[in-house]
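Here is the structure we will look at.
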Amino acid sequence: MSEKSQKLVFEQPDETFVIFADQVRLSQVISNLMTDAAKYSDANSSITVSIWAENDDVLIRVKDRGIGIPKADLAHVFGAFYRADNEATRKEAGIGVGLYFCHLIVDHHCGEITAASEVGQGTAMTSRIPREFPTESVENISPAA
12 MSEKSQKLVF
22 EQPDETFVIF
32 ADQVRLSQVI
42 SNLMTDAAKY
52 SDANSSITVS
62 IWAENDDVLI
72 RVKDRGIGIP
82 KADLAHVFGA
92 FYRADNEATR
102 KEAGIGVGLY
112 FCHLIVDHHC
122 GEITAASEVG
132 QGTAMTSRIP
142 REFPTESVEN
152 ISPAA
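Each residue of the sequence shown is one higher than the one before, counting from 12 in my numbering.
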């Protein structure tokens, strides 16, 4: 972000909360989302990372004011090897697995990740993670033979 003189805004509530999750993997999700936001945003723009609790979940949103994602591409952005085909994505290196891995990591935490975007207005990627790992998902796991 410093290469483009972009501003990072971090929004969090005054309250503290605990989330039972893999710190390394969730850090990878946030890092990837921030990298993509910086990559597809103009110089001197701002990227906002927000975290808050909602019921039994913690939500993490990375929002930019970048090029945005066309509606036709939104349904596919979390697919393996998918990249929107436009001038901006052709300029950037990548094979289209970053958001796919984010989706896998969030999914393995029994959460969900969503994308909201408007071309020319920016993108918001929101991850919803349960504060506690659901016990029913653990109970359904068969022991290794």
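By construction, the Cβ of each residue, glycine as well, lies at the ideal position given by its N, Cα and C atoms. Note that the coordinates shown come from a computational prediction; the quantities given were computed from them, not determined experimentally.
Query: Give the DSSP-derived three-state secondary structure of R101 in the structure shown.; Result: Confidence at R101 is low in this model, with a pLDDT of 49, below 50, so the placement of that residue should be treated as unreliable; the coordinate-derived value is given next. Here R101 sits in helix by DSSP.
Query: Is it true that the CB of Y93 sits closer than 8 Å to the CB of G79?; Result: no
Query: Out of curiosity, what's the CA-to-CA distance linking A48 and N66?; Result: 27 Å
Query: Take the Cβ of S38 as the centre, count every other Cβ of all protein chains shown within 10 Å, and call the residue buried at 16 or more, exposed below.; Result: exposed
Query: If we call anything under 8 Å between Cβ atoms a contact, is R142 one with D68?; Result: yes
Query: Which of the three DSSP states is assigned to T46 in this structure?; Result: helix
Query: Count the other CB atoms, across all protein chains shown, that sit within 10 Å of the CB of F89; report buried if there are 16 or more and exposed otherwise.; Result: buried
Query: Under the assumption that Q17 contacts I62 (Cβ atoms under 8 Å), give the Cβ distance between them as a whole number of angstroms.; Result: 19 Å between Cβ atoms; not a contact.
Query: Are the beta-carbon atoms belonging to A5 and R72 less than 8 Å from one another?; Result: This structure does not reach residue 5, given that the chain is present from 12 up to 156, and the question cannot be answered.
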